[in-house]
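J.:
Residue numbers (the numbering used here), protein chains in the order written: chain A, -7 to 367; chain B, -7 to 367; chain C, -7 to 367; chain D, -7 to 367.
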């Protein structure tokens, strides 16, 4: 019995087959079996730096065709979504060409190497009316949806404070060499992972109006490459602490730190309200702590992810079984397909990513001038 | 550029498109993009109860063909692996027919409704020399691999005690109706989820020699179906506590409990040794607690899953990002493909599943006779 | 300005100035400043093995007089309460003589070396009508009072299961020598610390009716004394696992383990009900976990000790500041003074301690006979 | 047998019998039974606002005499230590008079209402050569001693970052009325509890050189008294976030927050080093988290307080039994007695308390001027 359905097909063109490329491919492959979408993504074309890499990637990841020329991928009639997981410096030209071709663009974060570039991309996309999506996948977590519902519904009363952080340890060792991450253009802990906690703060509490930040380089030199004896200076921050004032008047702080020994994925926050609080860390991404109750019963409740927290039930009908990081990417892709088919906005889009990026730049400016800076 | 690879293809025939069927399909679809396998699984045929269900499942899950006749699936030349996610009572006939056809069999747990049936299936598979695998997927967790390495290497000294549990709350409410889970043939908390902690105990510490168990029905009646006013007696246990003696002399206890308010997925254990200990709960499946150190530095260390814990790195190059439940199924499928291509044994296989099942039955016997029972 | 009050004075005679003796003395000294008691305990006489030890103890602990003759302490007119912290084998003669003299008796656990002896002491005390108290101080914790209130009020629905444990690691090392703890008369992990979890289980859920237990000696030999090369066999258990049936029909399990690497003071339990659950460990004695809520808000709430949990407020007006182990002893003493002045019963008294002790013996019997034993 | 020892006696004069007064009295009463001190404190005189309050306090707390005139207490020949737990505004005159009389002064924090006043007190004490001690009792915790040893020994490598906080919820409710805490002179969250995390930061990492702070009043009005309908403006901060640069170059942040719903006593920090990290919260004051290890074994180890962590063993010979808040005060008193008898410095003394206070004021200045401020 033949089984092809009559759903519309959406051809995917994926640029890049590294870590994030694999995540994208896996998500596009899995999403139709997990979500009931209005269209079916089809893995059409994969582009990478050389024919060999592209072909190997396409075979492993299940794409129909491969190319070393990303421009031909963008131009390909079968491709309706251009998914960009290439180096940051290429995001702008790739996205602009895809926008010009009327394609939806799904780009990894950071959107570009400067806020100015991100704004240019945003304005091009808006002028062309194409759907855009940027891979701040941690926002897709059902427990983050729950946190946002709790905050916005007034369940914890008036919000009074925010304390956020993204701390990891992958650059804690001074022997870890330079890489694209330490490139002055777009690199540093604040840009690399601070952007996640900034996007989270905006997602949960709205715009950030003013910042006072302290960016610090812990290891002033690093090897030029792995195992090299040559060392050169580091021009980006390893750790940034910042004070925040949100447009709503809420105040708080964030930390971005890629040299935080002991932390692997501490994208975390605590939001304090007049009647309750919520706390979360990505290190325990299937849990949300919610403070409620009074008197002898007041306490932080540990809520475990389950089917009561959409779209968890798409992955598993029983609570406590855990979503993983790659599942967040599947949710991101499902929302992208919906936006494309329903002409909706897929948040966070290019404009939102630009907002994040200019907040990063305001913090960098504040650290240089040692003054509060309006975003 | 064409991208088809020259890897052997392994045709998958999947029986059942419910929760576990979707898990299987997702795993077969994702595994090639994540693991470097000696062959590529291909989703060939999906069987379910009716043509409509089968066709809908095949479309959603990406199978080439669909059928309402599982026997035709088994007989299909394109099918090399028969994956069984049908009701437990059908496992034996389906598996025996697949074995007779020389197919590898990948069956969900419990292997069958009785240990006798499970043994029959085991002996048939061994006589035919086909690869078998049973879906005790929790054993696939990288943190369980780590726990097993730590225990078997002597890192915690001589093992002295075991304390295990599988507790969930899905039957805690007396209004939850009868279902296949409460069927006297093969149902009950001990058989349904106690089997997981038994398989875990065996995986980590070897055979269980003797048991003294106390099976208890908490809710003596349940509605015959959802929202029905008709109630009928419950003949299976809601909760079992058991004492264990392992063949190695280690003693301990387990609990199986599907009425455990507060627990969603507490498949947990603590293994105590003369120099250390390990503790785990599936509710925090990306963590293993390992006790070590001495004097002022002794303590339980919380180890977060990362690329140092194979095969975590297949899913993500950075620690702390989390695997999810569905990822365990991908690992299970990867090991199955390896076993098929390398004529190896894929543990836990039918024989191991039979060992688990007869341990369950020994506990049930012990509870009836109120005596210690040798397994 | 003179400050002596007109409250009645209660003279304390303390036998023993070791760890528990110091606890008693500290508690009697502190209690009047913390609680508003109907009488004031006065540290009158301290007895210990020799004049020197007794005098040094009395000076350090603030007793007016000292003696090497406990019988003179018991006979002393100034002494109204005899507090016994001497070796277990002496509890019976000391208590019987104090009872005969009409004194209240405050005895450390275990009450005696056998249940028969404990019963003899109980019957003597009841016949004489003296107040007795036994030092199961962990029951005095405000969080245990909260747990008991929650369980008895029906807040978690009908109780369905119990899982208890007292695990420490002080005998985990096979080089730890023999001591009074390994004396066949009254020693072993079950008698030493298992008695705590048994008293806790009874305190929270009532009488235990039947048991099936497995007592195991992990280290079959130990040095006769510290650093000795001479070793002799161990005749007591290092670890006991037991199944329980309470008189109420609830079933469950306990573990007593003094060789539990990784655990320092895991006197812990989880009580499961049809609508909620409570969980506790003495390792976090200022917290009670209470499961409640439904749907998307269900979860274990971590309640921190505070003034809402009497008598916490006697020690500190602010929550979260922590009571310590020694504070539990102060509460125990406050309840003793109240019972003496109000002719009340001070639970746990000798009778309750006897109930605990015969439950221990029933478990030992069960392990020997390998049968279920009624308590 | 008489038991008076020949140790020197140290007469204590306590001013105030409220919460902190009771803590002091309890500590002076208990310390000789727990520590082997070179002298024995004797509770001589208690002063409070009226004769009645003083007499009642003296009776409850075991002082020999009572007075409504603190000057007579200071002048009393029996008094060698003046312990001040009176309102903050009285600290200066009381301390200056005690210093003039050559008495040791043990003062609750904050030392005074302004840094200028604190400096005056400091200089007077140093000129007179009297021992001073200020009640930053949280520093006395054995786990803080452990943290300091780990940091200062280089065990976690070079320290790179600090993240500190003192958050409680006692002012979270806008209906909580004005009190001395909201008095512009010396009040506010930063002065009240922020001082604790500042003293902790200095204790662990040394002087703070520069700050950028944001003090915020969450509830702009509060009732003038409990249940009053009259409200008046609040002139102090409910919450302060601050960036720090230590003299050593380490950067970090702190938060002081008395409106932090969900937090009862979160005096907490995380110190990150190049090879490890330590983390602590007073809410779990008997635990220190220490990150160490590498590869597959790296993780945060939860170290439970025990006799390996002096002076825990003074309170209990077994680990995991817990010290409480009041025990910290006993340690503080023991250190004071040692300093008095050995002419040593008792840290934190007046000078250190002044350093904390001027750091608080630097933060307040920074918040007003919106500039970085050198301390």
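From the three backbone atoms N, C-alpha and C, an ideal C-beta is built for every residue, glycine too.
Take the Cβ of residue 307 of chain B as the centre, count every other Cβ of all protein chains shown within 10 Å, and call the residue buried at 16 or more, exposed below.
T.: Within the second chain, the letter at position 315 stands for residue 307 of chain B. Buried is the call here.
J.: Using a Cβ cut-off of 8 Å, which residues of the stretch 98 to 121 of chain C contact any Cβ in chain B, in chain order?
T.: From the stretch 98 to 121 of chain C, no residue has a Cβ closer than 8 Å to chain B.
J.: According to DSSP, residue 291 of chain A sits in a beta bridge with which residue or residues?
T.: Walking along the first chain from the start, residue 291 of chain A turns up at place 299. According to DSSP, which records beta bridges pairwise, residue 291 of chain A is partnered with A:284.
J.: Against chain B, with Cβ distances strictly below 8 Å, would residue 283 of chain C count as a contact?
T.: Locating residue 283 of chain C in the third chain gives position 291, counting from the first residue. With 8 Å as the cut-off, residue 283 of chain C counts as an interface residue toward chain B.
J.: Given this structure, state the Cα-to-Cα distance separating residue 8 of chain D from residue 126 of chain D, to the nearest angstrom.
T.: Working through the fourth chain from its first residue, we reach residue 8 of chain D at position 16. Working through the fourth chain from its first residue, we reach residue 126 of chain D at position 134. In a straight line, the C-alpha of residue 8 of chain D is about 15 Å away from that of residue 126 of chain D.
J.: For residue 378 of chain D, collect the residues of the same chain with a Cβ closer than 7 Å to its Cβ; drop the 5 residues on either side in sequence, then sort them by chain order.
T.: Residue 378 of chain D is absent from the structure shown; chain D starts at -7 and stops at 367.
J.: Can you pull out the residues from the stretch 312 to 325 of chain C whose beta carbon lies closer than 7 Å to at least one beta carbon of chain D?
T.: So the close ones are 312, 313, 314, 315, 316, 317, 318, 319.
J.: Once the 5 residues before and after residue 365 of chain B are set aside, which same chain residues still bring their CB inside 6 Å of it?
T.: By one-based count along the second chain, residue 365 of chain B stands at place 373. 203, 354, 357, 358.
J.: Identify the contact partners of residue 249 of chain A in chain B, using a Cβ-Cβ distance below 8 Å as the criterion.
T.: Start at 1 with the first residue of the first chain, and residue 249 of chain A comes out as number 257. Near residue 249 of chain A there are no residues of chain B at all, since even the closest Cβ is about 14 Å away, more than 8 Å.
J.: For residue 177 of chain C, collect the residues of the same chain with a Cβ closer than 6 Å to its Cβ; drop the 5 residues on either side in sequence, then sort them by chain order.
T.: Reading the third chain from its first residue, position 185 is the one you call residue 177 of chain C. Only 105 meet the Cβ criterion.
J.: Strictly by DSSP, which residues pair up with residue 317 of chain D?
T.: For the purposes of this step, residue 317 of chain D is taken as residue 325 along the fourth chain, with counting starting at 1. In DSSP, residue 317 of chain D forms no bridge with anything.
J.: Taking contact to mean at least 3 C-beta pairs separated by less than 8 Å, is the stretch 329 to 340 of chain A in contact with the stretch 276 to 283 of chain B?
T.: The stretch 329 to 340 of chain A is not in contact with the stretch 276 to 283 of chain B.
J.: To the nearest angstrom, how far is the alpha carbon of residue 119 of chain A from that of residue 102 of chain A?
T.: Position 127 of the first chain, counting from 1, holds the residue named residue 119 of chain A. Position 110 of the first chain, counting from 1, holds the residue named residue 102 of chain A. Computed Cα separation, rounded: 21 Å.
J.: Would you call residue 156 of chain C buried or exposed, if buried means 16 or more other Cβ atoms sit within 10 Å of its Cβ?
T.: As a first step, residue 156 of chain C must be located in the third chain, where it is residue number 164. Looking at its Cβ environment, which holds 16 or more other Cβ atoms inside 10 Å, residue 156 of chain C is buried.
J.: In whole angstroms, what is the alpha-carbon distance linking residue 315 of chain B and residue 299 of chain B?
T.: Here residue 315 of chain B corresponds to residue number 323 of the second chain, with the count starting at 1. Here residue 299 of chain B corresponds to residue number 307 of the second chain, with the count starting at 1. Going from the Cα of residue 315 of chain B to the Cα of residue 299 of chain B covers about 11 Å.
J.: Skipping 5 residues on each side, what residues in its chain have a beta carbon closer than 7 Å to that of residue 210 of chain A?
T.: The residue labelled residue 210 of chain A in the question sits at position 218 within the first chain. 230, 231, 251, listed in sequence order.
J.: Are the C-beta of residue 307 of chain D and some C-beta of chain C separated by less than 8 Å?
T.: By one-based count along the fourth chain, residue 307 of chain D stands at place 315. So, interface residue.
J.: Can you list, in chain order, the residues of its chain whose CB lies under 8 Å from that of residue 23 of chain B, leaving out five sequence neighbours each side?
T.: The residue labelled residue 23 of chain B in the question sits at position 31 within the second chain. These residues qualify, in order along the chain: 29, 33, 322, 325, 326, 329.
J.: Can you grab the Cα-Cα spacing for the pair residue 78 of chain A / residue 57 of chain B, in whole Å?
T.: Against the first chain, residue 78 of chain A aligns to sequence position 86. Against the second chain, residue 57 of chain B aligns to sequence position 65. If you take the alpha carbons of residue 78 of chain A and residue 57 of chain B, they lie about 37 Å apart.
J.: Between the Cα of residue 287 of chain A and those of C:337, C:187, C:138, C:288, spot the shortest distance and give me the residue it belongs to.
T.: In the first chain, counting from the first residue as 1, residue 287 of chain A sits at position 295. The shortest Cα separation from residue 287 of chain A among C:337, C:187, C:138, C:288 belongs to C:138.
J.: Contact between the stretch 232 to 251 of chain A and the stretch 174 to 191 of chain D is defined here as three or more beta-carbon pairs at a separation below 8 Å; is this criterion met?
T.: No, they do not touch.
J.: Between which two residues does the alpha helix (DSSP H) containing residue 231 of chain B stretch?
T.: Walking along the second chain from the start, residue 231 of chain B turns up at place 239. Here residue 231 of chain B belongs to no alpha helix (DSSP H); instead the beta strand (DSSP E) covers 231 to 238.
J.: If you drop the 5 nearest sequence neighbours on each side, which residues of the same chain put their C-beta closer than 6 Å to that of residue 96 of chain C?
T.: Numbered from its first residue, the third chain carries residue 96 of chain C at position 104. Contacts found: 73, 122, 123, 332.
J.: Compute the beta-carbon to beta-carbon distance between residue 39 of chain A and residue 60 of chain A, rounded to the nearest angstrom, for a pair I have assumed lies under 8 Å.
T.: Against the first chain, residue 39 of chain A aligns to sequence position 47. Against the first chain, residue 60 of chain A aligns to sequence position 68. Indeed they touch by this definition, with Cβ atoms about 7 Å apart.
J.: Hey, is residue 348 of chain A close to the ligand ZN, as in C-beta under 7 Å from one of its heavy atoms?
T.: No copy of the ligand ZN appears in this structure; indeed no ligand is present at all.
J.: Going by alpha carbons, who is nearest to residue 212 of chain D out of D:190, D:170, D:55, D:183?
T.: Taking the fourth chain and counting its residues from 1, one reaches residue 212 of chain D at position 220. That would be D:170, whose Cα lies nearest to the Cα of residue 212 of chain D.
J.: Tell me which residues share the same chain as residue 20 of chain C and place their Cβ nearer than 7 Å to its Cβ, disregarding the 5 neighbours each side in the sequence.
T.: Mapped onto the third chain, residue 20 of chain C falls at position 28. For residue 20 of chain C, where only same-chain residues beyond five positions count, the Cβ hits under 7 Å are 4, 33, 35, 325.
J.: In the stretch 267 to 278 of chain B, which residues sit with their C-beta less than 9 Å from some C-beta in chain A, listed in chain order?
T.: Taking 9 Å as the Cβ-Cβ cut-off against chain A, the residues of the stretch 267 to 278 of chain B that qualify are 274, 275, 276, 277, 278.
J.: Out of C:267, C:55, C:132, state which residue places its alpha-carbon closest to the alpha-carbon of residue 320 of chain C.
T.: In the third chain, the residue the question calls residue 320 of chain C occupies position 328. Among C:267, C:55, C:132, the Cα nearest to that of residue 320 of chain C belongs to C:132.
J.: Given that residue 210 of chain C touches chain B, what residues does it touch there, using C-beta distances under 7 Å?
T.: The residue labelled residue 210 of chain C in the question sits at position 218 within the third chain. Under the 7 Å cutoff, chain B gives 152.
J.: Go through the stretch 125 to 187 of chain D residue by residue and report every complete run of the beta strand (DSSP E) that reaches 3 residues or more, in order.
T.: Taking only runs of at least 3 residues, the beta strand (DSSP E) segments lying wholly in the stretch 125 to 187 of chain D are 151 to 159.
J.: With a 10 Å radius around its C-beta and 16 neighbouring C-beta atoms as the bar for buried, classify residue 239 of chain A as buried or exposed.
T.: Along the first chain, read from residue 1 onward, the residue named residue 239 of chain A stands at position 247. Exposed, by the Cβ-count rule.
J.: Please report the straight-line C-alpha distance between residue 151 of chain D and residue 164 of chain A, rounded to a whole angstrom.
T.: By one-based count along the fourth chain, residue 151 of chain D stands at place 159. By one-based count along the first chain, residue 164 of chain A stands at place 172. Cα to Cα, the separation comes out at about 11 Å.
J.: Using a 10 Å radius around the Cβ and a threshold of 16 neighbouring Cβ atoms, would you call residue 167 of chain D buried or exposed?
T.: For the purposes of this step, residue 167 of chain D is taken as the residue at position 175 of the fourth chain. Label assigned to residue 167 of chain D: exposed.
J.: Could you pull the start and end residues of the alpha helix (DSSP H) that residue 342 of chain A belongs to?
T.: Along the first chain, read from residue 1 onward, the residue named residue 342 of chain A stands at position 350. 342 to 361 is the span of the alpha helix (DSSP H), which, as asked, contains residue 342 of chain A.
J.: Can you list, in chain order, the stretches of the alpha helix (DSSP H) that have 4 or more residues and sit fully within the stretch 33 to 104 of chain A?
T.: If we require 4 residues or more, the alpha helix (DSSP H) runs fully inside the stretch 33 to 104 of chain A come out as 43 to 53, 62 to 67, 83 to 92.
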